[in-house]
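A.B. asks: Residue numbers (the numbering used here), protein chains in the order written: chain A, 3 to 262; chain B, 5 to 180. Encoded as structure tokens, here's the structure I'll be asking about.
If you want it as structure tokens, here you go:
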């Protein structure tokens with residue numbers, strides 16, 4: 003910017019008059035901040051206008067004392083320390099800090115409770131993971147059993163008393179044990195229990211393999227039972243709790259012969 | 005003392021700083037008011053009102069918007085114009101005349117004893133018609149550049165260059 007040209011333009015005279023737009027005022031203000039010559043020029047113009055306008059005052063000189071008493075100063079706003087109003091604000095401070103402290107304690111408690119809960123849930127979750135590992139191992143063992151070619155599978159069909167019932171026996175002769183899948187049997191009535199029999203057909207000789215006391219509680223309804231008999235068929239009867247010495251044939255639920 | 009500091013102190017309600025500003029500008033404020041109301045009896049009262057008003061609205065002044073002096077003269081003009089619209093003024097029109105600032109200054113007996121007083125009287129007496137109008141409208145009446153250009157039927161740029169020339173003559177005489 004050419005300062006001399008800017009000054010000579012007459013914009014500063016209009017600036018002091020207050021005759022410029024807001025935008026132009028802003029521009030001149032920036033020029034004043036930037037160039038000392040501009041500031042000096044503005045002050046000189048102001049001085050001249052000040053003297054000229056003052057010359058139009060025609061009455062006697064004034065005194066600042068005449069208006070001094072009417073000027074509201076900040077001083078009356080200062081409040082003495084021992085005024086009750088001040089005490090009130092002091093109490094407010096204490097109340098505020100008390101509320102804050104209470105909130106803080108509450109928050110800490112909440113945090114501790116949550117942390118305890120997290121620990122408990124973690125233990126629970128670990129237990130569940132362990133359980134599922136166990137279940138998985140069991141399931142894998144079962145699959146192994148079912149796939150073994152040396153295992154004889156014997157389907158047990160529903161009989162007269164319960165035609166829709168069914169069961170399946172997987173007989174592992176190497177280990178002398180059977181795996182009984184009893185999922186197709188209804189829940190036994192109260193006081194009754196299923197009893198598993200190994201049968202020889204000619205003549206018909208039943209040998210008890212035991213009762214399924216845990217039937218209701220067992221979820222997968224697969225039972226491992228030892229069987230050292232030369233079984234020709236397997237049957238399941240409903241017997242009074244504790245089991246019977248010989249099967250109640252009227253209560254024969256399922257029956258299946260071993261195919262040779 | 006630095007004027008910017010004085011204004012800052014005034015905005016923080018420093019009475020001592022305000023007293024200095026008052027002594028600097030109260031005559032100018034009174035001159036502006038006198039040129040509008042043309043009644044010596046009320047000028048002091050309106051001037052006092054202006055300085056009390058400025059004090060109460062100190063925080064509304066911003067250097068970015070213009071000079072403190074300009075701000076103060078604006079308040080003075082508005083107060084004077086308000087007065088001319090009041091009942092009190094309309095009832096006491098006896099002193100009304102169409103004097104320009106030049107007439108007031110030329111016939112101001114108080115000036116003779118003051119610094120530059122005689123010089124100012126000579127200056128206004130020799131002032132050309134254009135300068136009379138330009139100074140009257142821009143500085144005493146508070147016209148904007150655009151308003152002055154319309155009133156005097158001069159292009160905007162001419163108002164600018166003319167005010168430069170007229171104030172230049174004044175400065176030469178005052179030595180500022």
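In this text, a Cβ means the ideal position worked out from N, Cα and C, and glycines have one as well. Please read these numbers as outputs of a predicted model, since none were measured by experiment.
On the criterion of 16 or more Cβ atoms from any shown chain inside 10 Å, does residue 105 of chain A qualify as buried, or is it exposed?
C.D. replies: With fewer than 16 Cβ atoms within 10 Å of its Cβ, residue 105 of chain A is classed as exposed.
A.B. asks: Starting from the beta carbon of residue 15 of chain A, find every residue of chain B whose beta carbon is closer than 7 Å, and list them in chain order.
C.D. replies: 167, 168 and 171
A.B. asks: Here's a check: name, in chain order, each residue in its chain whose Cβ is nearer than 7 Å to the Cβ of residue 170 of chain B, leaving out the five neighbours to either side.
C.D. replies: 135, 138 and 139
A.B. asks: So that I know if they touch, is there some Cβ in chain A lying closer than 8 Å to that of residue 149 of chain B?
C.D. replies: yes
A.B. asks: Assign residue 226 of chain A to one of three DSSP states: helix, strand, or coil.
C.D. replies: strand
A.B. asks: Would a check of beta-carbon distances place residue 72 of chain A closer than 8 Å to chain B?
C.D. replies: yes
A.B. asks: Could you pull the start and end residues of the alpha helix (DSSP H) that residue 38 of chain A belongs to?
C.D. replies: 38 to 56
A.B. asks: Pull up the DSSP beta-bridge partners for residue 236 of chain A, would you.
C.D. replies: A:200 and A:258
A.B. asks: Check this for me: beta carbons of residue 58 of chain A and residue 44 of chain B, under 8 Å apart or not?
C.D. replies: no
A.B. asks: Along chain A, which residues have their Cβ under 8 Å away from the Cβ of residue 117 of chain B?
C.D. replies: Chain A residues near residue 117 of chain B: none, gap ~11 Å exceeds 8 Å.
A.B. asks: Quick one, which residues of the segment 103 to 115 of chain B are near chain A if we go by CB-CB under 7 Å, in chain order?
C.D. replies: 105, 108, 109, 112, 114 and 115
A.B. asks: By DSSP's criteria, residue 195 of chain A is part of a beta bridge. Which residues make up the other side?
C.D. replies: A:241
A.B. asks: Could you tell me whether any Cβ in chain B is nearer than 8 Å to the Cβ of residue 61 of chain A?
C.D. replies: yes
A.B. asks: Which whole-angstrom value is the C-beta distance of residue 199 of chain A and residue 249 of chain A, which I expect to be below 8 Å?
C.D. replies: 5 Å
A.B. asks: Run down chain A in chain order and give the residues with a C-beta less than 9 Å from the C-beta of residue 57 of chain B.
C.D. replies: Within chain A, no residue comes near residue 57 of chain B; the closest Cβ sits about 11 Å away, beyond 9 Å.
A.B. asks: Kindly give me the distance between the Cβ atoms of residue 20 of chain A and residue 78 of chain B, rounded to whole angstroms, as I take these residues to be in contact under 8 Å.
C.D. replies: 6 Å
A.B. asks: Suppose only complete runs of 4+ residues qualify. What are the alpha helix (DSSP H) ranges in the segment 41 to 98 of chain B, listed by chain order?
C.D. replies: 44 to 60, 72 to 88 and 91 to 95
A.B. asks: In chain A, which residues lie less than 8 Å from residue 14 of chain B when you measure between Cβ atoms?
C.D. replies: Simply none; closest approach about 10 Å.
A.B. asks: Quick check: what's the CA-CA separation for residue 142 of chain B versus residue 24 of chain A?
C.D. replies: 16 Å
A.B. asks: What does residue 160 of chain A pair with, by DSSP beta-bridge criteria?
C.D. replies: A:256
A.B. asks: For residue 126 of chain B, which residues in chain A fall below 7 Å Cβ to Cβ?
C.D. replies: Within 7 Å Cβ-Cβ: nothing; residue 126 of chain B doesn't reach chain A, min ~12 Å.
A.B. asks: Residue ranges of each beta strand (DSSP E) run of no fewer than 3 residues wholly in the segment 101 to 170 of chain A, ordered along the chain?
C.D. replies: Annotation: the segment 101 to 170 of chain A contains the following complete segments of the beta strand (DSSP E) (minimum length 3 residues), in chain order: 153 to 160.
A.B. asks: Just reading off the beta strand (DSSP E) that residue 123 of chain B is part of, what are its end residues?
C.D. replies: Careful: residue 123 of chain B lies outside any beta strand (DSSP E), inside the alpha helix (DSSP H) at 121 to 130.
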